[in-house]
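What follows is a set of notes on a single structure, which appears directly below.
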Ligand code: F6R
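Residue numbers (the working numbering): 80 to 693.
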């Protein structure tokens, strides 16, 4: 949450900062701001609300601001202090010479603020960040050295931070540092960039250096110096960024979410490429470093994740228990980290995360690692903190996901779990070969079936219009599609703000059925297989309470038209693979309802894509 960007070089900084912030907007959109240095004077421009408000302000002063060849910028997801202009970053000190942008939370900010106020610092915001601005200014007054000032400040601040700092008296210099929040440096010709994430800088450079915790970098147009917090100089390791700027375009779609939903057939192809080569060949997962002996000795698997990734993990549990005979627990990372969890070196801990930067999941895997467990990360960002701390890695290859509501990364994670479960089953010889071959055959056919689902989206659009004014929604399913019900409900909640809940269909009669009446839509995920008849009975029970019934099914039974007001039909699919197909109409349903209601689909209120605070 929150995104930071910085530039120092020979070009005008303004457009680089605004472009960077545009591409970081998925990290927060409560307010935005930049600091530049025009003719030797640090100037701040800030606006509450969407980035466009800042763009309007800077446009009024464009000619003036464009003179600056250095700048830092920030896009905010509010933690401490309301999303007002006063609380927008950059923050400064009494004399206005320092400007600072921050992603993270300074946990001891209250103590620091009291101390700094006693020294005469006057605070203008309610943020935790402003303490760092005053602290750096006071250290600079003692040392006359910006890098040293930042270094000394990091000794006093507690919590998580990625920081970029400029000072009026230190010409063309940015000092940046991080602890438990992502930060990278982009390297150009006589210029450097800093950013929370690759999209901010990919248009300008593909050469980058990821900062590790407690490293401090000092950048001028012609130099980069890297030190640790004990002032030891460190060697610099560069990487080639794997992305193309085109990934950040909507490619003609109205929203990134719709584009990303449509990319899913190709995402499945990409995830399978090189890993599933033929039905009669074993799955190849090179980055998974679990041999036969390790797998034989595993006493359990724990999967930690949040939100949509948690739902993908739940599908993973069904698959691994079914095919590999290993007990699997799935738990939200935010719960896992605040209780005593039982595990040791024979426990495999899997962290699932689109961004690889979710603070709760990072903490969970660090705790498990300290306990001696092998850490396997399933992430869409092989360059992320989680990936870099993993013992084993499954990069899910969905490509950059811009829409805050996750869609294609979910499918990619789920497909990765099929591959992992088959891979473990093949090593352990825990499943019937022909069963594994059936799943592999179905996996190969999946992209075509997904394309078929997407080609019937008008049907879902009509259904969305019909139900868009509902206040509540219930999704029911059983077995491997229970996570599909949860994920469908989450998609609807987050982008349309309609209260939606997923239940196992069997639980309906234990309480939720009391809510049913003619105003309540109940969507049954009715895929053919072991639990089809059971869900059908549960749907009858809901219908008997006058609920408005919608079916999502791969059955061609014409009798369903009597029970359900709307029947959304899917291509026939093996039950084990059905979650991949069933989620797509639910993503589309949420999308079309939100669009019909005029909601901000790609940037829903109160959310941010990368949740880097606990
Ligand atoms: C929902 C959504 C969130 C994320 C959650 C975890 O559409 O995007 O629920 O799934 O914040 O994020 P990652 O997967 O990056 O750890």
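Ideal placement from N, C-alpha and C gives every residue a C-beta, glycine not left out.
Is residue i near ligand 1, with its Cβ less than 7 Å from a heavy atom?
{"i": "residue 275", "result": "no"}
{"i": "residue 385", "result": "yes"}
{"i": "residue 483", "result": "yes"}
{"i": "residue 663", "result": "no"}
{"i": "residue 440", "result": "yes"}
{"i": "residue 432", "result": "yes"}
{"i": "residue 569", "result": "yes"}
{"i": "residue 690", "result": "yes"}
{"i": "residue 476", "result": "no"}
{"i": "residue 573", "result": "yes"}
{"i": "residue 388", "result": "yes"}
{"i": "residue 437", "result": "yes"}
Closest to residue i by C-alpha separation, out of the options, would be which residue?
{"i": "residue 449", "options": "437, 247, 107, 427", "result": "427"}
{"i": "residue 96", "options": "289, 167, 107, 137", "result": "137"}
{"i": "residue 153", "options": "282, 613, 143, 167", "result": "167"}
{"i": "residue 322", "options": "279, 604, 535", "result": "279"}
{"i": "residue 176", "options": "248, 201, 202, 226", "result": "248"}
{"i": "residue 148", "options": "118, 284, 165, 378", "result": "118"}
{"i": "residue 399", "options": "385, 374, 661", "result": "374"}
{"i": "residue 424", "options": "436, 376, 631, 397", "result": "376"}
{"i": "residue 625", "options": "595, 645, 612, 603", "result": "595"}
{"i": "residue 644", "options": "345, 599, 235, 526", "result": "599"}
Which residue marks the beginning of the alpha helix (DSSP H) containing residue i, and which one marks its end?
{"i": "residue 495", "result": "487 to 507"}
{"i": "residue 466", "result": "464 to 468"}
{"i": "residue 520", "result": "512 to 534"}
{"i": "residue 618", "result": "611 to 623"}
{"i": "residue 108", "result": "Careful: residue 108 lies outside any alpha helix (DSSP H) and carries neither H nor E."}
{"i": "residue 699", "result": "Since the first and last residues shown for the chain are 80 and 693, residue 699 lies out of range."}
{"i": "residue 141", "result": "141 to 144"}
Cα separation between residue i and residue j?
{"i": "residue 197", "j": "residue 208", "result": "18 Å"}
{"i": "residue 317", "j": "residue 440", "result": "26 Å"}
{"i": "residue 433", "j": "residue 490", "result": "11 Å"}
{"i": "residue 559", "j": "residue 93", "result": "50 Å"}
{"i": "residue 211", "j": "residue 232", "result": "7 Å"}
{"i": "residue 367", "j": "residue 502", "result": "9 Å"}
{"i": "residue 421", "j": "residue 395", "result": "20 Å"}
{"i": "residue 242", "j": "residue 271", "result": "15 Å"}
{"i": "residue 308", "j": "residue 230", "result": "6 Å"}
{"i": "residue 268", "j": "residue 299", "result": "12 Å"}
{"i": "residue 634", "j": "residue 276", "result": "44 Å"}
{"i": "residue 161", "j": "residue 129", "result": "14 Å"}
{"i": "residue 702", "j": "residue 557", "result": "In the structure displayed, the chain extends from 80 to 693; residue 702 sits before or after that span and is not available."}
{"i": "residue 619", "j": "residue 650", "result": "23 Å"}
{"i": "residue 283", "j": "residue 438", "result": "28 Å"}
{"i": "residue 312", "j": "residue 219", "result": "20 Å"}
{"i": "residue 297", "j": "residue 246", "result": "12 Å"}
{"i": "residue 165", "j": "residue 150", "result": "19 Å"}
{"i": "residue 504", "j": "residue 510", "result": "6 Å"}
{"i": "residue 654", "j": "residue 622", "result": "25 Å"}
{"i": "residue 87", "j": "residue 658", "result": "48 Å"}
{"i": "residue 258", "j": "residue 609", "result": "49 Å"}
{"i": "residue 520", "j": "residue 295", "result": "51 Å"}
{"i": "residue 113", "j": "residue 260", "result": "20 Å"}
{"i": "residue 525", "j": "residue 498", "result": "14 Å"}
With H, G and I counted as helix, E and B as strand and the rest as coil, what does DSSP make of residue i?
{"i": "residue 439", "result": "helix"}
{"i": "residue 381", "result": "strand"}
{"i": "residue 551", "result": "strand"}
{"i": "residue 332", "result": "coil"}
{"i": "residue 182", "result": "strand"}
{"i": "residue 254", "result": "strand"}
{"i": "residue 341", "result": "helix"}
{"i": "residue 230", "result": "helix"}
{"i": "residue 213", "result": "helix"}
{"i": "residue 125", "result": "strand"}
{"i": "residue 249", "result": "coil"}
{"i": "residue 198", "result": "coil"}
{"i": "residue 158", "result": "coil"}
Following the continuous beta strand (DSSP E) through residue i, name the residue where it begins and the one where it ends.
{"i": "residue 668", "result": "First-last for residue 668: 657 to 675, but that is the alpha helix (DSSP H), not the beta strand (DSSP E)."}
{"i": "residue 604", "result": "600 to 605"}
{"i": "residue 471", "result": "471 to 474"}
{"i": "residue 304", "result": "302 to 307"}
{"i": "residue 83", "result": "82 to 87"}
{"i": "residue 390", "result": "No beta strand (DSSP E) holds residue 390; the alpha helix (DSSP H) holding it covers 386 to 403."}
{"i": "residue 287", "result": "286 to 289"}
Check whether the Cβ of residue i lies closer than 7 Å to any heavy atom of ligand 2, and answer yes or no.
{"i": "residue 495", "result": "Ligand 2 is not part of this structure, which contains only ligand 1."}
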